[in-house]
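Undergrad: Once you've had a glance at the structure underneath, I'll fire off some questions.
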Ligand SMILES: Cc1ncc(C[n+]2csc(CCOP(=O)(O)OP(=O)(O)O)c2C)c(N)n1
Ligand SMILES: [Mg+2]
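Chains as they are written, first to last, in the working numbering: chain A, 16 to 363; chain B, 1266 to 1642.
As structure tokens, then:
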């Protein structure tokens, strides 16, 4: 099936049709998979709106919303004024009115003008209203490096949001997960930060449009192994799988767990894995200090202390601002840096 | 070449002089019919609203001094701005307050005890807007509510619940913020969005001259009302201590909003007679003379003088006094009954759907607290 294929309009005229139609497995890039997921959500619920900068006729700077403005019009796909706090703040008002806004932040580094609205408002409306006003708002954030871009275009700010009570934070690593997770995020009555790994937008993979598979907030073992456990999310999962491949060639068997959800974190599969392997390496593109990786390391140390044969090790970006892109391959964790940590863990 | 003008002025619309005479300023004349259309009953209602809210305000301040409230946010002096604008709204309208709009809240049917519970440290929000006159929750992060209001107004538009031509069902949004809050980026972003989408919305700034200890001159070199035009909507400056002009100008702006003519920006020039909150000491930054100047412009005194001249009976004023005393006593009694929420409230409603971390912590706290049961008796 063609890579460009998205479900046709005639096949999906509403919720019922969507539920029954069998569409099989397609090969899609993550960008196309999210596009298809957004389209499903727009078709299924007239309250779903897309909001953002340049997401209309242009289809977003990464073309994730391509074609949606043409299909759904500017009452459903809104090219907003250029103001992130304004976008999120008005999305909150729309959610109070019963809408389910899906906001696109153009680049990771530009979420901060909206930080206040996200953390002090969006995250708390349901609590402050004592459960009477839900906040089904999704904030899509293209994030991470390895795209050779300029300053503020390669950031990994997920920890700020995972640290904030009231928010849910997820990040898919594959087109299939992206297709389903975006729809589950939109269906959630809580605010969801949806971090899209930019460097994974273009590689293609199978998307089974009939079977969602893993629930939104579940972590998942994506490769079985026995010698050590590698945990990561988003683009890092591909790096971990690459590391596991290399290690296999050297006779080492590494298990890889895809976190998928950063708030809440599903520790079941991780602890289970560590109980079998005795070793854990947590990897991420974000700064290491006070990060999601720190949290996973601390929690696994609490829950699987007697299973650990070595300290939990973290492989992160350095605790410095993202350098000029010419240095990004040295700055970001690579398969080799992961394997260096594996060596250290196995040396205990 | 002539230098560009740096002289920015705007007329202040007034219907009622500080002495209580109905003598419209030139720009306010067009609004007179809106006031003339009001029944005696409504006009008396304005008075009762102002009087009751001032009594409740005194009660709030006293309760704070007696240790029953962590904080009280006085509305003394701003009654006309709030009663006029609040009474200009229709039942189907939505109000987005800041944190000083107790008077508007009461007009919309909110029990002031619910506001006090917030300041007592018993709740974080405390009411369901849908069941309290569409009066949304107080917002403590300055100006953040301006964007929520604008988004809500966009929703009214998308839903077709406004601009149908039926003033009894067409809805609009009225959002309150302060002079200091106009400097927040969110306020400007809300004005941009509102103007861009032509939302059915009225921005109502209570310029009470102070943002805690900082005078309004630090926030703006020009009358704040001029901001409206800069964003593409009418900006109107009114005497905020004149309940009639506050009513008429807000009424007109809301009707235009409901009719699909777009948003408006109103600056009500008023004064915060009390402290910023009970934690504040205004003697450190403002003079007695200034306070006295504004006392001469008291909104209730002026309105009472006008009502008396119109022939309101002594009995009416006595009844209003008695009613205000009763309401305040009742609020006080019921507030003292309010108890702390159960500890489970720490965890409830943080999420609307299950969240394992929060659930585990709730269970842990319960077990931890229970482990002390029977100790130390
Ligand atoms: C974003 C933000 N910054 C600072 C504060 C602390 N603060 C609370 S009220 C206030 C002054 C607000 O002045 P104004 O907007 O004029 O409203 P007023 O209190 O006079 O009604 C300040 C600085 C806050 N609540 N929110
Ligand atoms: Mg002020």
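Just so it is clear, CB atoms sit at the ideal spot from N, CA and C, and this is done for glycine as well.
From a predicted model like this one, the values you see are computed outputs, not experimental measurements.
1) Does DSSP put residue 219 of chain A in a helix, in a strand, or in coil?
2) Specify the secondary structure class of residue 1472 of chain B as computed by DSSP and reduced to three states.
3) Would you mind giving the Cβ-Cβ distance between residue 1401 of chain B and residue 1339 of chain B, rounded to the nearest angstrom? I have them listed as a contact below 8 Å.
4) Using the three-state DSSP reduction, which class does residue 329 of chain A fall into: helix, strand or coil?
5) DSSP state of residue 363 of chain A, grouped into three classes?
6) Near ligand 2, which residues have their beta-carbon closer than 6 Å to a heavy atom?
7) For chain B, find out if any of its Cβ atoms is closer than 7 Å to the Cβ of residue 107 of chain A; answer yes or no.
8) Would you be able to state if there are at least three C-beta pairs under 8 Å between the segment 1462–1476 of chain B and the segment 1440–1447 of chain B?
9) Measuring CA to CA, which of B/1323, B/1512, B/1290, B/1554 is closest to residue 1542 of chain B?
10) Run down chain A in chain order and give the residues with a C-beta less than 9 Å from the C-beta of residue 1455 of chain B.
11) Which class does residue 1368 of chain B belong to by DSSP, given the choice of helix, strand or coil?
12) Buried or exposed: residue 1637 of chain B, going by 16 or more other Cβ atoms within 10 Å of its Cβ?
13) Under the criterion of a Cβ to heavy atom distance below 6 Å, does residue 1365 of chain B qualify as lining ligand 1?
14) Would residue 83 of chain A and residue 222 of chain A be called neighbours here (beta carbons separated by less than 7 Å)?
15) Find the nearest neighbour of residue 104 of chain A within the set A/152, A/61, A/89, A/58, judged by alpha-carbon distance.
16) Examine the Cβ distances between the segment 208–217 of chain A and the segment 154–171 of chain A and report whether three or more of them are shorter than 8 Å.
17) Tell me, please, whether the segment 125–135 of chain A touches the segment 298–309 of chain A by the rule of three or more beta-carbon pairs shorter than 8 Å.
18) DSSP beta-bridge partners for residue 238 of chain A?
19) What residue range is occupied by the uninterrupted beta strand (DSSP E) comprising residue 210 of chain A?
20) Excluding the 5 residues flanking residue 1434 of chain B on each side, which residues of the same chain have their C-beta closer than 7 Å to its C-beta?
21) Jot down the residue ranges of each uninterrupted beta strand (DSSP E) in the segment 238–316 of chain A, minimum 3 residues, whole runs only, in chain order.
22) Can you tell me whether DSSP reads residue 1523 of chain B as helix, strand or coil?
23) I'd like to know if residue 1420 of chain B contacts chain A, where contact means its C-beta is closer than 7 Å to some C-beta of that chain.
24) What's the C-alpha gap between residue 1529 of chain B and residue 1353 of chain B?
25) Return yes when the Cβ of residue 1368 of chain B is within less than 7 Å of the Cβ of residue 1446 of chain B, no when it is not.
26) Suppose only complete runs of 3+ residues qualify. What are the beta strand (DSSP E) ranges in the segment 66–141 of chain A, listed by chain order?
27) Need the endpoints of the beta strand (DSSP E) that residue 1359 of chain B sits in, please.
28) Are residue 108 of chain A and residue 1493 of chain B closer than 7 Å when you measure CB to CB?
29) Would the beta-carbon of residue 311 of chain A be found less than 6 Å away from any heavy atom of ligand 1?
30) Measure from the alpha carbon of residue 1574 of chain B to the alpha carbon of each residue in B/1510, B/1546, B/1321, B/1287, then state which is nearest.
31) Run down chain A in chain order and give the residues with a C-beta less than 8 Å from the C-beta of residue 1390 of chain B.
32) Tell whether a beta-carbon distance below 7 Å holds between residue 324 of chain A and residue 294 of chain A.
33) Apply the 10 Å Cβ neighbour rule to residue 1273 of chain B and answer buried if 16 or more other Cβ atoms are within range, or exposed otherwise.
34) By DSSP, does residue 1278 of chain B sit in helix, in strand, or in coil?
35) Just curious, the alpha helix (DSSP H) that residue 1575 of chain B is in, first and last residue?
36) Within 10 angstroms of the Cβ of residue 1561 of chain B, are there 16 or more other Cβ atoms? Answer buried if so, exposed if not.
TA: From the atom records:
1) strand
2) strand
3) No, residue 1401 of chain B and residue 1339 of chain B are not in contact; Cβ-Cβ is about 21 Å, not under 8 Å.
4) strand
5) coil
6) B/1443, B/1444, B/1445, B/1473, B/1475, B/1476
7) yes
8) yes
9) B/1323
10) 101, 104, 105
11) helix
12) exposed
13) yes
14) no
15) A/152
16) yes
17) no
18) A/271
19) 207–212
20) 1357
21) 243–247, 269–273, 276–278, 295–302
22) helix
23) yes
24) 14 Å
25) no
26) 92–94, 115–119
27) 1359–1361
28) no
29) no
30) B/1287
31) 142, 143, 144, 145
32) yes
33) exposed
34) strand
35) 1564–1575
36) exposed
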